[in-house]
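Engineer: All residue numbers in the first sequence are consecutive under the working numbering, ending with 614.
Built from N, CA and C at the ideal position, the CB exists for glycine as well.
Below you will find the structure I want to go over with you.
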Amino acid sequence: MLRELVEVYEKVSSFSEKLRKIDIVARFLRNTSEKLLPVVCYMLRGRIFPDYSPKELDVGWATLWNCILKVANIGEDKLIKAYNMFGDLGLAVEHIFKVKHKIGMLSLDMKPLTVEETYNALQEVAEVKGESSLKRKQKILVGLLGRASPEEAKFIIKIITGEMRYGFKEGLLEESISKAFSVNLDVVKKAYMVTSDIGYVAQLAKVNPTMLEKLNIKPGIPVRHMLAEAAEKLEEGFERYGKAFFEFKYDGARLGIHKDENGLIKIFTRRSEDVTLSLPEIVEEVKKIPHSFILDGEVVPFERKPKAYQHLIRRLRRKYDVKEYVKLIPVKLYIFDLLYLDGNSLIDLPLLERRRILEEIIKPSRYIEVSRCILTSNIEEA
DNA sequence: GCTGACTGCCC
DNA sequence: ATTCTGC
DNA sequence: GCAGAATGGGCAGTCAGC
233 MLRELVEVYE KVSSFSEKLR KIDIVARFLR NTSEKLLPVV CYMLRGRIFP
283 DYSPKELDVG WATLWNCILK VANIGEDKLI KAYNMFGDLG LAVEHIFKVK
333 HKIGMLSLDM KPLTVEETYN ALQEVAEVKG ESSLKRKQKI LVGLLGRASP
383 EEAKFIIKII TGEMRYGFKE GLLEESISKA FSVNLDVVKK AYMVTSDIGY
433 VAQLAKVNPT MLEKLNIKPG IPVRHMLAEA AEKLEEGFER YGKAFFEFKY
483 DGARLGIHKD ENGLIKIFTR RSEDVTLSLP EIVEEVKKIP HSFILDGEVV
533 PFERKPKAYQ HLIRRLRRKY DVKEYVKLIP VKLYIFDLLY LDGNSLIDLP
583 LLERRRILEE IIKPSRYIEV SRCILTSNIE EA
């Protein structure tokens, strides 16, 4: 039942201590079926799909606003008032629904919503495209919200806007999964890093922890970017030996560049969006590298020298007139890490070792080069 | 077809 | 990205 | 020190409406 999931939300929201939040969610996950685990995980973090999914709800404030007016059958002034009172659309809707129930405007004896129904409805919203899609999206949402209790309506609104605001994000969800199924936290974190799919991680933790441990980085599947942070921790290590490692900071966008064993190339942004088609010159350039790999780098607008970030965003998600823009706004890819090479994960190698291999396989060219960095004992050089 | 509102996502 | 807050 | 929340600016793509 959706009600039970919403109760978890309420409880987690009512405590500020992380450990209590983790405890509540862990207990719930343990009692959740294998089938529903992924969806429950996505919903608890204010989403419906895994990070790398190209599916989008394409429902924002304006659309949702209209849905609420229709479901509650109220004037805009009332919704504005409620929103101003709470400063949160979900809370405002909860309040409006409660008032409606009190005066008997909404029936209470409807079939209660299940998690599955809710997910199916939202999935349908994501799939509707093309002409009059907005109306159809609204119709589905109105139907869904019409069956929801005040608390459920709030929860659904919060999922759609993505603003959960209950002090519970990926980090705590990882800990909850670890606790629920007695799997080492580092295993959970690594599994999430290499799959970018927290729902799948939870599922495996429950039914096949052995397989969870074996999950590894693979070209074509976006890597959750946390390696830069790992590198920073390495810095401290070097500092203890009197040396530190500094990366040159580029003003561009973070990218993962994948080439699998079949030569298929994919480029992902930090949030695992596939932008391969926007960067054909980069694709052509990495085709020449005679290996399979996963590279971590930064694209920067570049004409003789790096230019302002502003120019870059006109390239990044472009799907039309790409060829013209390749010339109009030239870019360069600075690579600073190598995570995978020819069938082997390198993420457990020291950063400096990865850099060494990286510099061996990358020849500087017009579109690509290895990023500048310094290993030094002199702080001033930074 | 053109324009504007809307959405999502980069920093 | 950057800044603030509570643990 | 860490994790989560809140905040700002800009652009491409998509759909609605004229």
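Considering only C-alpha positions, which residue in the set 344, 484, 442, 282 is nearest to residue 424?
Structural biologist: As a first step, residue 424 is located in the first sequence; it is residue number 192 there, counting from the start. When only C-alpha atoms are compared, the closest one is 282.
Engineer: Please go through the stretch 579-606 and give each complete alpha helix (DSSP H) segment of 4 or more residues, from N-terminal end onward.
Structural biologist: The qualifying runs are 583-593.
Engineer: Alpha carbon to alpha carbon, how far is residue 276 from residue 536?
Structural biologist: Numbered from 1 along the first sequence, position 44 holds the residue referred to as residue 276. Numbered from 1 along the first sequence, position 304 holds the residue referred to as residue 536. Each residue's Cα considered, the two are about 47 Å apart.
Engineer: Kindly indicate which residue of 508, 504, 487, 503 has the alpha-carbon position closest to the one of residue 497.
Structural biologist: Along the first sequence, read from residue 1 onward, the residue named residue 497 stands at position 265. If we check each option's Cα against that of residue 497, 508 comes out closest.
Engineer: Could you have a look at residue 479 and say whether DSSP puts it in helix, strand or coil?
Structural biologist: Counted from its first residue, the first sequence places residue 479 at position 247. In this structure, residue 479 counts as strand in the three-state DSSP scheme.
Engineer: Around the Cβ of residue 362, are there at least 16 other Cβ atoms within 10 angstroms (buried) or fewer (exposed)?
Structural biologist: Stepping through the first sequence from its first residue, residue 362 is reached at position 130. Result: exposed.
Engineer: Among residues of its own chain, excluding the 5 on either side of residue 262, which ones have a beta-carbon nearer than 6 Å to its beta-carbon?
Structural biologist: Here residue 262 refers to the residue found at position 30 of the first sequence. The residues are 412.
Engineer: Going by DSSP, what residue range makes up the beta strand (DSSP E) through residue 247?
Structural biologist: The residue labelled residue 247 in the question sits at position 15 within the first sequence. Here residue 247 belongs to no beta strand (DSSP E), and DSSP marks it neither H nor E.
Engineer: Alpha carbon to alpha carbon, how far is residue 490 from residue 551?
Structural biologist: On the first sequence, residue 490 is found 258 positions in, with the first residue counted as 1. On the first sequence, residue 551 is found 319 positions in, with the first residue counted as 1. Rounded to the nearest angstrom, the two C-alpha atoms are 20 Å apart.
Engineer: Taking only three categories from DSSP, how would you classify residue 346?
Structural biologist: By one-based count along the first sequence, residue 346 stands at place 114. Reduced to three states, the DSSP call for residue 346 is coil.
Engineer: Quick one: residues in its chain with C-beta nearer than 7 Å to the C-beta of residue 502, no 5 flanking neighbours on either side, listed in chain order?
Structural biologist: Along the first sequence, read from residue 1 onward, the residue named residue 502 stands at position 270. Close CB contacts of residue 502 within its chain, under the 7 Å cut and outside five residues either way in sequence, are with 457, 486 (chain order).
Engineer: Can you tell me where the beta strand (DSSP E) with residue 501 in it begins and where it stops?
Structural biologist: By one-based count along the first sequence, residue 501 stands at place 269. That run of the beta strand (DSSP E) goes 497-501.
Engineer: If you follow the beta strand (DSSP E) that residue 486 is in, where does it begin and where does it stop?
Structural biologist: By one-based count along the first sequence, residue 486 stands at place 254. Start and end: 485-491.
Engineer: Is residue 424 helix, strand or coil by DSSP?
Structural biologist: In the first sequence, residue 424 corresponds to position 192, counting from 1. Here residue 424 sits in helix by DSSP.
Engineer: Under 7 Å Cβ to Cβ from residue 345, same chain only, skipping five residues before and after it: list those, please.
Structural biologist: By one-based count along the first sequence, residue 345 stands at place 113. So the qualifying residues of the chain are 234, 379, 380, 384.
Engineer: Find the nearest neighbour of residue 492 within the set 566, 449, 311, 296, judged by alpha-carbon distance.
Structural biologist: Start at 1 with the first residue of the first sequence, and residue 492 comes out as number 260. Per the Cα distances, 449.
Engineer: Where do the N-terminal and C-terminal ends of the alpha helix (DSSP H) with residue 454 fall, by residue?
Structural biologist: By 1-based counting over the first sequence, the position of residue 454 is 222. Careful: residue 454 lies outside any alpha helix (DSSP H) and carries neither H nor E.
Engineer: Please specify which runs of the alpha helix (DSSP H), each continuous and at least 4 residues long, are wholly inside the stretch 317-391, giving them in chain order.
Structural biologist: 321-334, 347-359, 365-378
Engineer: Apart from the five residues on each side of it in sequence, which residues of its chain come closer than 6 Å, Cβ to Cβ, to residue 465?
Structural biologist: In the first sequence, the residue the question calls residue 465 occupies position 233. Residue placement at residue 465 cannot be trusted, given a pLDDT of 48 that sits under 50; the coordinates are not used to answer.
Engineer: Is the stretch 419-433 in contact with the stretch 250-261, if contact means three or more CB pairs nearer than 8 Å?
Structural biologist: no
Engineer: Go through the stretch 494-562 residue by residue and report every complete run of the beta strand (DSSP E) that reaches 3 residues or more, in order.
Structural biologist: 497-501, 525-535
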